[in-house]
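> I'd like to ask you about the structure that follows.
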Ligand SMILES: [Fe+2]
Ligand SMILES: [Fe+2]
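Given below as structure tokens:
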């Protein structure tokens, strides 16, 4: 069989012998990885999935029943812009890079590998979840997210194979060798080594951690390295669904909890108490904030100066694209106290991107709080202060309460069970996770969705078991 006929693409793969040779070696290893680390127990089932078969606004999402190992993972880049220019930094206005500029080679490879590593990591983190799905609709959404994260890995591997030669191929191999949570060969970023073994974790992960992905991809979609920019632009169209899954998932849990609160004790009624939902929000929001990197960062300055990684909506949102000779005021710690400091803007770009992310997360909170209000309960959910529970950057060496006040480590240890999921909370949530696989039925701890997928009703048989 001609392998390449099975790979939908718009990179002229059937003509590209070099890329074919590289993929020939990598592909069987990818499929082995998928069978070993992909969704456990469902590999032979028919799942109603969308497959990207084209980048056009109509054609790209094709829906049909597919067995996951037979999913057609494709390679798609947004079509090139004629006469594309570097959109920011020291080379602003110069022709966009069509090949890897030698002086930025290491930085670019590192950016691509770090992004690429998150994609298979999340599949690994989520591989047991199918066994406890709250409905067939949710099961299908989980698998949709999983196969698309697989495709995102392909997207990054395409860049490594297509533009980096031998060291790119080595990096592509290593992307299949690291394992989420494995102490000997962990994934690169910490949020991607955290277990995601119940559905409340899954919804919080897709809400907060996939949303970090949106902001990283958006910043890379501005890149002066054109193949990267065009790859990330297309990935963003898929990423939107992942965040939808998390956002509406948590909204549906909040709705069900509110309904049960009106009936009596949420625990006795088999629901998830609001304070546990809040702790999961605190956990995943804080870990996801870490993914943006240090508040003050010479890497962020270098990546921006080189035209590799821009700001969120750099072209659309800004008129000045050098970010040179400008200052940014941020909160820092000096002599054990919170204070503000002026930092060169280019060194503060991680924090600028994080700020965009926080604003976006707040909209999710507003949606869930509207659900709570609609259901007639007065309690509300909130985002913790961004200094809370950080492991990277300016605040990592200090401890803060949920409102961002500096507190002693002893006080943090004494109070952390108020803010973060305890073993007991996690066990309780896990105790609710029993599979519901009859079409049209749903678990007791979550409300059904407002609508099905692609015009299908909630009762549709999204996965044939
Ligand atoms: Fe992704
Ligand atoms: Fe995603």
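In the numbering used here, the protein residues as written are 88 to 552. For every residue, glycine included, the Cβ atom is placed at its ideal position computed from N, Cα and C.
Taking one C-beta from the region 487-503 and one from the region 340-358 each time, how about it: are there three or more such pairs within less than 8 Å?
Contact between the region 487-503 and the region 340-358 is absent, because fewer than three Cβ pairs lie under 8 Å.
> Below 8 Å, is the gap between the Cβ of residue 297 and the nearest heavy atom of ligand 1?
Checking every heavy atom of ligand 1 against the Cβ of residue 297, one is found closer than 8 Å.
> For residue 241, does the three-state DSSP call read helix, strand or coil?
Note: residue 241 maps to helix in three-state DSSP.
> Check whether the Cβ of residue 293 lies closer than 8 Å to any heavy atom of ligand 1, and answer yes or no.
Flag unset: Cβ of residue 293 not near ligand 1.
> Can you tell me which of the three DSSP states residue 214 falls into?
Three-state DSSP puts residue 214 in coil, outside helix and strand.
> Tell me the residue span of the alpha helix (DSSP H) that contains residue 460.
Per DSSP, residue 460 belongs to the alpha helix (DSSP H) from 436-461.
> Span of the alpha helix (DSSP H) holding residue 133?
Per DSSP, residue 133 belongs to no alpha helix (DSSP H); it is in the beta strand (DSSP E), 133-139.
> Along the chain, where does the alpha helix (DSSP H) containing residue 124 start, and where does it finish?
It spans 104-124 - the alpha helix (DSSP H) in which residue 124 sits, taken as one unbroken run.
> Should residue 299 and residue 216 be called a contact, given that it needs their Cβ atoms to be closer than 9 Å?
No, these two residues do not count as a Cβ contact at 9 Å.
> Identify whether residue 421 lies in helix, strand or coil by the three-state DSSP scheme.
Three-state result, residue 421: strand.
> Would DSSP call residue 149 helix, strand or coil?
It is a strand residue.
> Hey, is residue 125 close to ligand 1, as in C-beta under 8 Å from one of its heavy atoms?
No.
> Quick one, are the C-beta atoms of residue 428 and residue 421 less than 9 Å apart?
Contact: yes.
> Could you check whether the region 356-370 touches the region 316-324, counting it as contact only if at least three pairs of C-beta atoms, one from each stretch, sit closer than 8 Å?
Contact fails: fewer than three Cβ-Cβ distances are below 8 Å.
> Consult DSSP for residue 414 and reduce its assignment to one of helix, strand or coil.
Of the three classes helix, strand and coil, the one that applies to residue 414 here is strand, per DSSP.
> Sort 247, 134, 302 and 282 by Cα distance to residue 232 and report the nearest one.
It is 134 whose Cα lies nearest to the Cα of residue 232.
> Along the chain, where does the alpha helix (DSSP H) that runs through residue 260 open and close?
Residue 260 -> alpha helix (DSSP H) spans 252-262.
> Given this structure, state the Cα-to-Cα distance separating residue 249 from residue 274, to the nearest angstrom.
For residue 249 and residue 274, the distance between alpha carbons rounds to 23 Å.
> Less than 8 Å separating the Cβ of residue 209 from some heavy atom of ligand 1?
Yes, the Cβ of residue 209 comes within 8 Å of a heavy atom of ligand 1.
> Relative to the C-alpha of residue 154, which residue among 270, 234 and 333 is closest?
Of 270, 234 and 333, the residue nearest in Cα terms is 234.
> For residue 483, which residues in the same chain have their Cβ closer than 6 Å to its Cβ, ignoring the five residues on either side in sequence?
Answer for residue 483: 477, listed in chain order.
> Please report the residue range of the alpha helix (DSSP H) in which residue 286 lies.
Segment 286-291, the alpha helix (DSSP H) holding residue 286.
> What number of angstroms, rounded off, separates the C-alpha of residue 423 from the C-alpha of residue 495?
Using only the alpha carbons, I get a separation of about 11 Å.
> Quick one: give me the first and last residue of the alpha helix (DSSP H) that residue 393 is part of.
Premise fails: residue 393 is in no alpha helix (DSSP H) and is neither H nor E.
> Roughly how many whole angstroms lie between the Cα atoms of residue 563 and residue 164?
It is not possible to answer for residue 563, since the shown part of the chain is limited to 88 through 552.
> Taking only the alpha-carbon atoms, compute the straight-line gap between residue 107 and residue 124 and give it to the nearest angstrom.
Residue 107 and residue 124: Cα-Cα distance of roughly 25 Å.
> Report the rounded CA-to-CA distance for residue 415 versus residue 436, giving the unit in angstroms.
Looking at the two C-alpha atoms, the distance is approximately 9 Å.
> Got a sec: does ligand 2 put a non-hydrogen atom nearer than 8 Å to the Cβ of residue 173?
Not under cutoff, so the answer is no.
> What residues are listed by DSSP as bridge partners for residue 162?
Answer is 96, bridged to residue 162.
> Taking residue 552 as part of the alpha helix (DSSP H), name the residues at either end of that continuous run.
Per DSSP, residue 552 belongs to no alpha helix (DSSP H) and is neither H nor E.
> Considering only C-alpha positions, which residue in the set 451, 254, 259 and 236 is nearest to residue 245?
Residue 245 has its Cα closest to that of 259, out of 451, 254, 259 and 236.
> If the criterion is Cβ atoms closer than 9 Å, does the pair residue 190 and residue 393 meet it?
Yes. Within cutoff.
> Could you tell me which uninterrupted alpha helix (DSSP H) segments, each at least 4 residues in length, are contained entirely in the region 269-351, listed from first to last along the chain?
With a minimum length of 4 residues, the continuous alpha helix (DSSP H) runs that stay inside the region 269-351 are 286-291, 297-308 and 313-350.
> Under 9 Å, do residue 137 and residue 541 count as touching if we go by C-beta distance?
Yes; because the gap between Cβ atoms is below 9 Å, this pair is in contact.
> Would you mind working out which of 451, 378, 345 and 382 sits nearest residue 462, comparing C-alpha positions?
The shortest C-alpha separation from residue 462 is found at 345.
> Residue 427 by DSSP, collapsed to three states: which one?
Looking at residue 427 - three-state DSSP - the assignment turns out to be strand.
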